[in-house]
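What follows is one structure encoded as structure tokens, with my remarks underneath.
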Amino acid sequence: MCLYSCVILGRMAYTFPFAAIVGQDEMKLAILMTAIDPSLGGVLVLGDRGTGKSTAVRGLASLLPAMRVVSDCPYHCDPAEPQRCCDRCRSALAQGQKLKTHVRPVPVVDLPLGATEDRVVGALDLERALSQGVKAFEPGLLARANRGFLYIDEVNLLEDHLVDLLIDVAASGENVIEREGLSVRHPARFVLVGSGNPEEGELRPQLLDRFGLSVEVRTPDDLPSRIEVVRRREAFENDPADFCQQWEKEAEKIRRKISSARKRLHEIDIPEAARGRASELCMALGTDGLRGDMTLMRAARACAALQGDRQVGEAHLRRVAAPALRHRLRRHVLDDTGSATRIERVLAELMPA
Ligand SMILES: [Zn+2]
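At position 160 of the sequence shown (counting the first as 1) the number is 166 in the numbering used here, and the numbers step up by one without a gap.
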């Protein structure tokens, strides 16, 4: 759904600025962290409708530096990274061919609920392939999302096999289509953002666990925030160009933060003490497996990078514990308040602020 997030005037399309979103700090932080470290494995946004979920994703994408792409490649390969290109671009680059390129915004692709598997993964025309001996492949939504974001509203209502497939592709970075002995593969690296309202359809525990981060969004329940949300929406709709201009300074600040955090991410020091703390926290909460420990550390590192800190400390762990762990607690998985409260309690015991 894109109720307010874009306004098209003449030839210009305006996106509601990320910086102008009121509150929803946890969601904004989680989305920023996945932009800094895509290996975090996507974000699941749980909560009420109309709380700016798709606005935040679109807004963030428009803050990321535009990307250079091979002009006639359906996967918008990056000519500077041949190892991540599709077969065609890679072999052209290996032969020293000069490929035509252009610069385009980071894609945000919506995956509609009724989408068929062919539309998602791409369609292989077997008849043409067999009769003409060519690989007749029509790229799908995963191709379009390469190097960007794939947004699924109401992910809990999507068919299980599609969800599994998406999570697998997001983790491997490659889409492989196999039909009757023919196969096509292409790069599909994207950040998966799913949103859902647990009251409208159950979220399978396996699904929950495979998203890196999970955040809760609620309709603001204090008067000043509600008034401010409505005020900013109105101002945006009345004059999107002017509104975006007003927020440009804040947008530039976030752009600089993201770009600096991305550069420094792998230089952030993770002291043994912080690793110990992270695993203690997971043990105390009884999270299954070790995925929680790993995500917690990576999220804390991305958070430190975002804040301009050199090493991971307890403050970062405290800040990212809920989004990294709340969907991995053994019991009361869908009882959001319960999970958040349990995490807070354990944090207070282990790492008092
Ligand atoms: Zn390519």
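Ideal Cβ positions, reconstructed from N, Cα and C, are used throughout, including at glycine.
This structure is a prediction, so every number in the text was calculated from the model and none was measured.
| Query | Result |
| --- | --- |
| Delimiting residues of the alpha helix (DSSP H) encompassing Arg216 | Pro211 to Arg216 |
| Arg191 CB to nearest heavy atom of ligand 1 below 7 Å | no |
| Cβ shell of Leu119 (< 7 Å), same chain only, five flanking positions each side left out | Glu160, Leu163 and Leu164 |
| Unbroken alpha helix (DSSP H) run spanning Ala149, endpoints | Leu147 to Ala151 |
| Three-way DSSP call (helix, strand, coil) for Asn181 in this model | strand |
| For ligand 1, residues whose Cβ lies under 6 Å from any non-hydrogen atom | Val76, Cys79, Tyr81, Cys83, Cys91, Cys92, Arg94 and Cys95 |
| Rounded separation between Arg307 and Met300 - CA only | 11 Å |
| Residues sharing a beta bridge with Gln317, DSSP | Asp275 |
| Buried versus exposed call for Lys34 [16 or more other C-beta atoms within 10 Å across all chains shown] | buried |
| Presumed contact (8 Å Cβ cut-off) between Ala149 and Phe196, rounded CB distance | Between Phe196 and Ala149 the Cβ distance is about 10 Å, and since that is not below 8 Å, they are no contact. |
| Proximal residues to Cys95 (C-beta, below 6 Å), its chain only, five neighbours per side dropped | Val76, Cys79 and Cys83 |
| DSSP state of Pro226 mapped onto helix, strand, coil | coil |
| 7 Å Cβ shell around Cys92 - same chain, five flanking residues per side excluded | Cys79, Tyr81, Cys83, His192 and Pro193 |
| Residues of its chain near Val169, where Cβ-Cβ distance is below 7 Å and the 5 sequence neighbours each way are ignored | Val161 and Leu213 |
| Buried or exposed by the 16-neighbour rule on C-beta atoms within 10 Å, applied to Leu2 | Shown here, the chain extends from 7 to 359; a query on residue 2 therefore has no answer. |
| Proximity of Leu219 and Ala290 at Cβ, strictly below 8 Å | no |
| Reduced DSSP category for Arg191 - H, G, I as helix; E, B as strand; rest coil | strand |
| Paired residues, beta bridge with Ala142 - DSSP | Ala142 pairs with nothing; no bridge assigned. |
| Length of the line joining the Cα atoms of Ala6 and Gln89 | Since the displayed the chain opens at 7 and closes at 359, residue 6 lies outside it and no answer follows. |
| Contact belief for Ala267 with Ala311 at Cβ below 8 Å, rounded distance in angstroms | 4 Å |
| Whole-angstrom distance between Ala41 and Arg238, CA atom to CA atom | 25 Å |
| Own chain partners of Ala360 with C-beta closer than 6 Å, once the 5 adjacent residues on each side are dropped | Absent from the structure is residue 360, since the part of the chain shown begins at 7 and ends at 359. |
| Beta-carbon proximity check, Ile349 vs Ala321, cutoff 8 Å | no |
| Endpoints, beta strand (DSSP E) assigned at Leu50 | Val49 to Gly53 |
| Close-in-space but distant-in-sequence residues of the same chain around Asp54 (CB under 8 Å, 5 per side omitted) | Asn203, Val223, Arg224 and Thr225 |
| Residue from His333, Ala72 and Lys106 with nearest C-alpha to Gly154 | Ala72 |
| Beta-carbon proximity list for Phe242, same chain, < 6 Å, skipping 5 on both sides | Phe22 and Phe249 |
| Chain-order list of residues whose beta-carbon lies under 6 Å from that of Val221 (same chain, five-residue window excluded) | Glu32, Met33, Ala36, Val51 and Pro329 |
| Residue of Ser189, Asp215, Glu186 and Leu188 minimising C-alpha distance to Gly200 | Asp215 |
| For Ala247 and Cys8, the rounded distance between their alpha carbons | The predicted position of Cys8 is uncertain, since its pLDDT is 38 and thus under 50; no value can be drawn from it. |
| For Ile158, the three-state DSSP class (helix, strand or coil) | strand |
| Beta carbon proximity, Lys255 to chain D, threshold 8 Å | The chain inventory of the structure shown lacks chain D, comprising one protein chain alone. |
| Ile173 versus Val127, Leu198, Lys263 and Glu186, residue with shortest Cα-Cα distance | Leu198 |
| Cβ-based burial, Val114 [other Cβ within 10 Å; buried from 16] | buried |
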